[in-house]
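Visitor:
Number of protein chains: 2
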Amino acid sequence: MKPRDSASGVVPQKFSVTVLRLGHRLVRDERISTHIGLVSRAFGAKKLVLTGADDHTLDSINRLSQSWGGEFEVVYIKNWREFVRNWKGIKVHLTMYGEKLDTGLEKLRRKGAGELLLIIGAEKVPAEIYSSVDHNISVGNQPHSEVAALAVFLDRLFMGEELYNTFSKARLRIKPSLRSKKVEFVNEN
Amino acid sequence: MKPRDSASGVVPQKFSVTVLRLGHRLVRDERISTHIGLVSRAFGAKKLVLTGADDHTLDSINRLSQSWGGEFEVVYIKNWREFVRNWKGIKVHLTMYGEKLDTGLEKLRRKGAGELLLIIGAEKVPAEIYSSVDHNISVGNQPHSEVAALAVFLDRLFMGEELYNTFSKARLRIKPSLRSKKVEFVNEN
Chain A
20 MKPRDSASGV VPQKFSVTVL RLGHRLVRDE RISTHIGLVS RAFGAKKLVL
70 TGADDHTLDS INRLSQSWGG EFEVVYIKNW REFVRNWKGI KVHLTMYGEK
120 LDTGLEKLRR KGAGELLLII GAEKVPAEIY SSVDHNISVG NQPHSEVAAL
170 AVFLDRLFMG EELYNTFSKA RLRIKPSLRS KKVEFVNEN
Chain B
20 MKPRDSASGV VPQKFSVTVL RLGHRLVRDE RISTHIGLVS RAFGAKKLVL
70 TGADDHTLDS INRLSQSWGG EFEVVYIKNW REFVRNWKGI KVHLTMYGEK
120 LDTGLEKLRR KGAGELLLII GAEKVPAEIY SSVDHNISVG NQPHSEVAAL
170 AVFLDRLFMG EELYNTFSKA RLRIKPSLRS KKVEFVNEN
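One line per chain: the protein sequences are A and B, in this order.
If you're matching positions, the first sequence starts at 20 in the working numbering and goes up one per residue.
If you're matching positions, the second sequence starts at 20 in the working numbering and goes up one per residue.
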């Protein structure tokens, strides 16, 4: 384990993250939504909630989890407004218009820990989101990619420790290598 | 300016990053390649090099740069093998099979500074890449997204300072906000 800030004595708080992806629009966004799901899983979130069309995104992510393990969940909901309203923990919206990432993270750390709902949009999110959340946080103030914003936010929130997570009941596991591709087939279940 | 490790006295080395995107395959990858370009730009790289089909990716990124400023370049090349072979600086390949990110970055920092070629593939990269580069580095050893791997790698390399970059001749600029969308129209050119 190699937490980046272990020298400074800061322990990453125990946030439990659910990612809510708004604006998922049928085939056009399938690839991006799949990336969002895989990134959520790989960077330590426990669940992805999709709104909108039912399609292959859920299947492709679940298929991957079957091979690579872990308890990551993907679900669809019909009414995201109700979902956000009923959320009992912290609500964060990632947007290029939001406050600086460093500042936003400081505020979150002062809260300590909890169930964190992380909301990301496809393109234009409904205006009401901005006032429905506790924090609107940016990852840089330039247009780029919600996939990137999600990954960097989680990597900063978990201080790089998420990259050392293990995935239960994995059938496949990679052994980091300098020059080759080493995949282990795991039979310990 | 708020560098994350300023307390520890570590100064981010002056790496100049060119991103080489392999395997860009016509329309299917246009959205992902656009995300790759926008992320490269927003996270401090100076240039994106695309191989393969000529399409709208270059135009959409350049159009964005016209509005949001900066000197980010996007170019196409026909022969990536030659390009990689002729590269005079450090060559890094981002791959889920590579060595741990923390370890890989330590090695890069020991090199100090320089022109860094950062190679990312779409899906399967040609096997020869692994032996053609100086470092094969992973961002976690789970399958996720090349967009995410790129963003997190750059954010770690530049230690979060890239999010404070300014973009010359920008016509649009966002003013970070807690609850609203503040865009400035810049007329100082």
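Every residue gets a Cβ at the ideal spot worked out from N, C-alpha and C, and that includes glycine.
Being a predicted model, the structure only gives us computed values, none of them experimental.
Would you verify that the beta carbon of A:Leu193 is, or is not, closer than 8 Å to some beta carbon of chain B?
Guide: For the record, residue 193 of chain A in the displayed sequence is Ile; it is not Leu. Yes, its Cβ sits closer than 8 Å to a Cβ of chain B.
Visitor: Pull up the distance between the alpha-carbon of B:Arg192 and that of A:Thr114, whole angstroms please.
Guide: If I take the Cα positions, the gap works out to 14 Å.
Visitor: Using the beta-carbon of each residue, which ones in chain A are nearer than 9 Å to B:Glu118?
Guide: Pro195, Ser196 and Leu197
Visitor: So A:Ile138 and A:His112 are supposed to be a Cβ contact under 8 Å. How far apart are they, rounded?
Guide: 5 Å
Visitor: Check the Cβ-Cβ distances between A:Pro162 and every residue of chain B, and say whether any is below 8 Å.
Guide: yes
Visitor: Identify the contact partners of A:Gly179 in chain B, using a Cβ-Cβ distance below 8 Å as the criterion.
Guide: Leu120, Asp121 and Arg175
Visitor: Please list the terminal residues of the continuous alpha helix (DSSP H) segment that includes A:Asn155.
Guide: Run containing A:Asn155: none in the alpha helix (DSSP H); it sits in the beta strand (DSSP E), His154 to Ile156.
Visitor: Can you list the residues of chain B that A:Trp87 reaches, using a CB-CB cut of under 9 Å?
Guide: Near A:Trp87 (Cβ distances below 9 Å), the residues of chain B are Gln161 and Pro162.
Visitor: So, using beta-carbon positions, are B:Leu127 and B:Ile109 closer together than 8 Å?
Guide: yes
Visitor: What is the rounded straight-line gap between the Cα of A:Gly28 and the Cα of A:Asp174?
Guide: Its pLDDT being 48, under 50, A:Gly28 is placed unreliably in this model, and the coordinates cannot settle the point.
Visitor: According to a CB-to-CB cut-off of less than 7 Å, which residues of the segment 139-156 of chain B neighbour chain A?
Guide: Tyr149, Ser150 and Asn155
Visitor: With DSSP as the reference, label A:His112 as helix, strand or coil.
Guide: Three-state DSSP puts A:His112 in a strand.
Visitor: Can you give the beta carbon distance from B:Leu41 to B:Ala168, rounded, assuming they're within the 8 Å contact cut?
Guide: About 13 Å separates the two Cβ atoms, so there is no contact after all.
Visitor: Determine the closest residue to A:Lys254 out of A:Gln85, A:Thr76, A:Phe62 and A:Leu57, with distance taken between C-alpha atoms.
Guide: What is shown of chain A runs 20 to 208, which leaves residue 254 of chain A out entirely.
Visitor: What first and last residue would you give for the alpha helix (DSSP H) that runs through A:Glu125?
Guide: Leu120 to Lys130
Visitor: Report back the beta-carbon spacing between A:Leu77 and B:Ser164 to the nearest angstrom; my notes put them in contact at under 8 Å.
Guide: Contact flag wrong, Cβ pair sits at about 17 Å.
Visitor: Less than 8 Å between CB atoms is the rule here; does A:Ile51 satisfy it with respect to chain B?
Guide: yes
Visitor: Starting from the C-beta of A:Glu203, find all residues in its chain whose C-beta is less than 8 Å away, skip the five residues before and the five after it, and write them out in chain order.
Guide: Leu191, Arg192, Ile193 and Lys194
Visitor: So with Cβ pairs under 8 Å, would you call B:Ala167 a contact of chain A?
Guide: yes
Visitor: Pull up the DSSP beta-bridge partners for B:Gly133, would you.
Guide: DSSP, once it has assigned bridges, lists B:Phe34 as partnering B:Gly133.
Visitor: Just to check my reading of the structure: A:Thr37 and A:Leu136 have Cβ atoms closer than 8 Å, yes? What is that Cβ distance to the nearest angstrom?
Guide: With a beta-carbon spacing of about 5 Å, A:Thr37 and A:Leu136 fall inside the 8 Å limit used to define contacts.
Visitor: Could you tell me which whole alpha helix (DSSP H) segments of length 4 or greater appear in the segment 170-202 of chain A?
Guide: none
Visitor: Could you have a look at A:Gly63 and say whether DSSP puts it in helix, strand or coil?
Guide: In this structure, A:Gly63 counts as coil in the three-state DSSP scheme.
Visitor: For B:Gly88 versus B:Phe186, is the C-beta spacing smaller than 8 Å?
Guide: By the CB criterion at 8 Å, B:Gly88 and B:Phe186 fall inside the cutoff.
Visitor: Less than 8 Å between the C-beta atoms of A:Leu182 and B:Val166, yes or no?
Guide: Going by C-beta atoms, A:Leu182 is not nearer than 8 Å to B:Val166.
Visitor: Any beta carbon of chain B sitting closer than 8 Å to that of A:Lys66?
Guide: no
Visitor: Check the DSSP bridge columns for A:Phe204 and list the partner residues they point to.
Guide: A:Leu191
Visitor: In this structure, how does DSSP classify B:Val144 when only helix, strand and coil are distinguished?
Guide: Under the three-state reduction of DSSP output, B:Val144 falls in the coil class, being neither helix nor strand.
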